[in-house]
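Down below is the structure, laid out as structure tokens.
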Ligand code: SF4
Ligand code: SF4
Ligand code: SF4
Ligand code: SF4
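Chains as they are written, first to last, in the numbering used here: chain A, 2 to 586; chain B, 548 to 706.
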């Protein structure tokens with residue numbers, strides 16, 4: 002096989018059908034139109050014509066897509082997973098790093114599409130030179146770590162040149178927010194990609210990066226890589242992601258009264274002094290790690306030492322931590338002992354639940370328990386703020402869907418509230434909230450955002466930097482920011498690099514690879530991708546005008562004072578009309 | 548002459564920038580398999596990463612076993628590689644004591660470090676160093692620590 006052409010005009014797709022066990026490699030569309038990542042996943046889904054089919058139909062695809070710059074420039078290290086969400090039925094995306102993006106690139110594919118359902122629980126091995134399904138019935142119910150260990154032994158000789166993604170019990174059981182673990186420390190976290198894989202009877206996928214691509218001749222490509230590498234490794238912005246990482250934000254957000262505590266009953270608490278980014282780094286940080294192709298190394302791994310016997314019996318665990326799980330499994334449950342929060346993270350990881358959604362859903366359950374809406378009859382263990390043991394057991398019940406209560410809670414706090422009451426205090430903004438109680442614009446932005454993610458746009462940053470309450474200005478900002486981010490998620494860049502990769506820089510990168518045609522139309526093509534994503538989301542059930550923000554979000558106080566419900570409502574109305582317009586309604 | 552050493556792999560974050568730099572700059576290719584250095588997790592009780600890279604033998608068993616002149620002894624240790632003379636027999640990969648030779652599947656050619664030093668500046672933590680052959684017997688901790696590049700404050704912050 003000759004080296005693959007980096008500047009090919011079409012995307013190269015590996016399609017695996019789990020029902021028949023057959024694979025095919027296809028040339029798809031025009032890269033100058035669908036770009037890659039978000040755009041490629043959306044174009045593939047549109048072409049499948051399955052928007053009207055039931056979201057859990059066997060033929061529904063799960064798509065892993067990379068972009069034209071993947072692996073070719075620093076921090077172009079992310080992979081987009083596109084799927085119909087088991088949480089809300091809609092077309093959505095989740096993004097993850099690890100080694101998956103580079104493994105797909107080096108396997109020679111722009112996307113891997115998996116459809117159908119395997120007859121028995123299987124692991125899939127794919128690469129430029131291989132496609133093979135291995136039956137793994139003995140891994141049913143196995144945790145994410147044991148599964149990863151087994152899978153790494155399935156293919157010999159590619160250590161460091163492959164990516165291993167897999168699900169836990171939560172994914173096998175179809176929990177609405179089951180995640181896919183990527184290379185132990187990263188995740189396709191939100192909106193249930195793990196349950197989609199579980200629904201296909203696929204426990205994991207190993208992608209082997211065993212092929213070679215040719216690079217363009219001349220100096221312009223390597224010298225541009227050198228410049229960008231220097232820019233990302235010598236600036237303070239990137240240093241902060243490496244140093245304390247995102248947990249650095251815990252203290253300042255608490256100080257701003259913007260850190261959710263106790264199911265958002267509060268936005269600040271003195272307990273933060275036990276759990277600052279600084280303190281965790283000093284006491285528990287074992288090492289940092291990086292996604293393949295990223296010199297920053299923002300992944301922080303803690304060493305958790307646990308005593309398991311009465312005598313000096315210890316075991317140790319490596320637990321990756323970030324701001325988000327420290328919020329969702331920490332402050333939101335009012336647990337401030339970092340080691341106990343790490344224990345919860347470890348349990349979440351093992352069972353294959355998404356840590357943000359699981360933590361926020363359990364925070365609702367704790368308040369419902371406090372208010373007497375549910376009792377131990379439903380929760381099986383007492384769920385009290387500050388008491389971590391109950392939550393640790395509850396995570397297992399959630400992953401196991403052990404009774405009606407946990408089955409509903411596994412579809413989100415609002416699904417449980419519909420049965421037991423308490424929707425006023427369900428901290429749900431399209432999905433369980435992210436850790437930013439920054440105010441009106443963020444609440445609207447997450448509720449209406451394409452992925453209902455704090456990464457769809459910088460709504461939280463607008464709240465913090467703009468003081469006047471101008472709904473028009475807010476929506477204008479959200480629209481521009483979304484467009485810029487779509488450009489990045491088509492390439493596919495880590496969003497930490499968004500200040501480095503301006504539109505002009507991305508165009509320069511594409512041109513240096515011989516993709517001048519794509520460079521020329523990049524902003525317009527990204528606009529078309531954004532519109533297509535909205536069209537697909539609305540075509541699969543999303544109605545922006547029906548999206549509501551629960552009452553709890555109007556009751557809080559931030560550094561700016563109380564929430565201005567009129568401003569929030571005005572922003573929501575304006576933004577939802579813009580979304581309808583973008584989606585062609 | 549100089550050669551590549553890996554004195555501080557305990558600092559490695561597994562970013563693979565060195566691997567990608569070698570493939571890009573030495574071989575003009577984009578891949579994991581056409582590079583002279585390979586990074587893998589160390590596994591077991593130790594955590595972190597290890598590098599598989601030529602340790603610059605003198606004499607070099609790979610060159611001694613090579614049936615053609617595709618691999619010849621390099622002065623100061625290691626080998627000079629001439630792919631155009633290679634028979635793709637794979638003998639060299641079998642005798643390398645540190646498994647530093649990767650046989651690339653599509654071309655059937657061996658890829659190994661030729662000690663050019665181009666990857667070293669791309670390591671953000673100074674794990675790998677391009678050092679004088681004169682220092683080849685010096686212990687790792689005697690190799691001077693360069694600027695730990697990512698911590699160096701300079702230029703304009705993009706954020
Ligand atoms: S490739 Fe292996 S055998 Fe050859 S010089 Fe290097 S370390 Fe020695
Ligand atoms: S594979 Fe090539 S370089 Fe290696 S021993 Fe055979 S002929 Fe020599
Ligand atoms: S020293 Fe040169 S040949 Fe060796 S790994 Fe580095 S870049 Fe590749
Ligand atoms: S560049 Fe340095 S930190 Fe990155 S993988 Fe190579 S040796 Fe490790």
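Ideal Cβ placement from N, Cα and C applies to all residues, glycine included.
Owing to the predicted nature of the structure, the values given are computational and were not obtained by experimental measurement.
Contact check, residue i vs residue j, beta carbons under 7 angstroms
| i | j | result |
| --- | --- | --- |
| residue 242(A) | residue 292(A) | no |
| residue 479(A) | residue 458(A) | yes |
| residue 239(A) | residue 297(A) | yes |
| residue 514(A) | residue 217(A) | yes |
| residue 568(B) | residue 677(B) | no |
| residue 2(A) | residue 653(B) | yes |
| residue 82(A) | residue 194(A) | yes |
| residue 201(A) | residue 118(A) | yes |
| residue 67(A) | residue 113(A) | no |
| residue 289(A) | residue 586(B) | no |
| residue 608(B) | residue 642(B) | yes |
| residue 646(B) | residue 599(B) | yes |
| residue 442(A) | residue 487(A) | no |
| residue 301(A) | residue 246(A) | yes |
| residue 633(B) | residue 656(B) | yes |
| residue 170(A) | residue 142(A) | yes |
| residue 268(A) | residue 438(A) | yes |
| residue 294(A) | residue 103(A) | yes |
| residue 321(A) | residue 189(A) | no |
| residue 565(B) | residue 666(B) | yes |
Burial state of residue i (16 or more Cβ within 10 Å)
| i | result |
| --- | --- |
| residue 445(A) | buried |
| residue 467(A) | exposed |
| residue 184(A) | buried |
| residue 635(B) | exposed |
| residue 706(B) | Low confidence applies to residue 706(B): its pLDDT is 29, below 50, so where it sits in the model is not reliable enough to give any reading. |
| residue 139(A) | exposed |
| residue 582(A) | exposed |
| residue 555(B) | buried |
| residue 128(A) | buried |
| residue 271(A) | exposed |
| residue 701(B) | Its pLDDT being 33, under 50, residue 701(B) is placed unreliably in this model, and the coordinates cannot settle the point. |
| residue 150(A) | exposed |
| residue 697(B) | In this predicted model, residue 697(B) has a pLDDT of only 39, less than 50, meaning its place in the structure is not dependable; the value taken from the coordinates is given anyway. Buried. |
| residue 134(A) | buried |
| residue 109(A) | buried |
| residue 422(A) | exposed |
| residue 278(A) | buried |
| residue 398(A) | buried |
Residue i: contacting residues in chain B (beta-carbon distance under 7 angstroms)
| i | result |
| --- | --- |
| residue 73(A) | 577 |
| residue 7(A) | 577 |
| residue 291(A) | 560, 561 and 562 |
Where residue i meets chain A, residues with beta-carbon distance less than 8 angstroms
| i | result |
| --- | --- |
| residue 621(B) | Under the 8 angstroms cutoff, chain A gives no residues; its nearest Cβ is about 24 angstroms from residue 621(B). |
Under 9 angstroms from the C-beta of residue i: neighbouring residues of chain A
| i | result |
| --- | --- |
| residue 585(B) | 160, 161 and 162 |
| residue 659(B) | Neighbours of residue 659(B) on chain A: none; closest Cβ ~16 angstroms, over 9 angstroms. |
| residue 571(B) | 73, 216, 222, 223 and 226 |
Partner residues on chain A for residue i, Cβ-Cβ distance less than 7 angstroms
| i | result |
| --- | --- |
| residue 653(B) | 2, 212 and 213 |
| residue 594(B) | 287, 288 and 319 |
Residues that residue i contacts on chain B, provided the C-beta gap is smaller than 9 angstroms
| i | result |
| --- | --- |
| residue 107(A) | 577, 578, 579 and 580 |
| residue 298(A) | 560, 561, 562, 671, 672 and 697 |
| residue 294(A) | 562, 563, 564 and 567 |
| residue 130(A) | 652 and 653 |
Neighbouring residues, chain B, relative to residue i (Cβ below 8 angstroms)
| i | result |
| --- | --- |
| residue 551(A) | Per Cβ cutoff of 8 angstroms: no residues; residue 551(A) is ~32 angstroms from chain B at best. |
| residue 230(A) | 564 and 669 |
heavy atom of ligand 6 below 6 angstroms from residue i C-beta
| i | result |
| --- | --- |
| residue 634(B) | Although ligand 6 was asked about, the structure shown includes only ligand 1, ligand 2, ligand 3 and ligand 4 as ligands. |
Segment contact, 8 angstroms Cβ cut-off, at least three pairs: the region 31-38 of chain A with the region 503-519 of chain A: yes
Touch test, the region 83-97 of chain A against the region 221-239 of chain A, Cβ-Cβ under 8 angstroms, three pairs minimum: no
Given 8 angstroms, three or more beta-carbon pairs between the region 312-327 of chain A and the region 621-629 of chain B: no
contact_flag[the region 172-182 of chain A, the region 305-313 of chain A] where n(CB pairs < 8 angstroms) is 3 or more: no
At least 3 beta-carbon pairs within less than 8 angstroms: the region 428-441 of chain A vs the region 536-556 of chain A: yes
Validate contact between the region 196-214 of chain A and the region 160-173 of chain A using beta carbons, cut 8 angstroms, 3 pairs: yes
Three or more C-beta pairs below 8 angstroms linking the region 378-393 of chain A and the region 331-346 of chain A: yes
The region 66-82 of chain A in contact with the region 36-49 of chain A per 3-pair CB rule at 8 angstroms: yes
Segment contact flag, the region 532-542 of chain A with the region 412-419 of chain A, C-beta cutoff 8 angstroms, min 3 pairs: no
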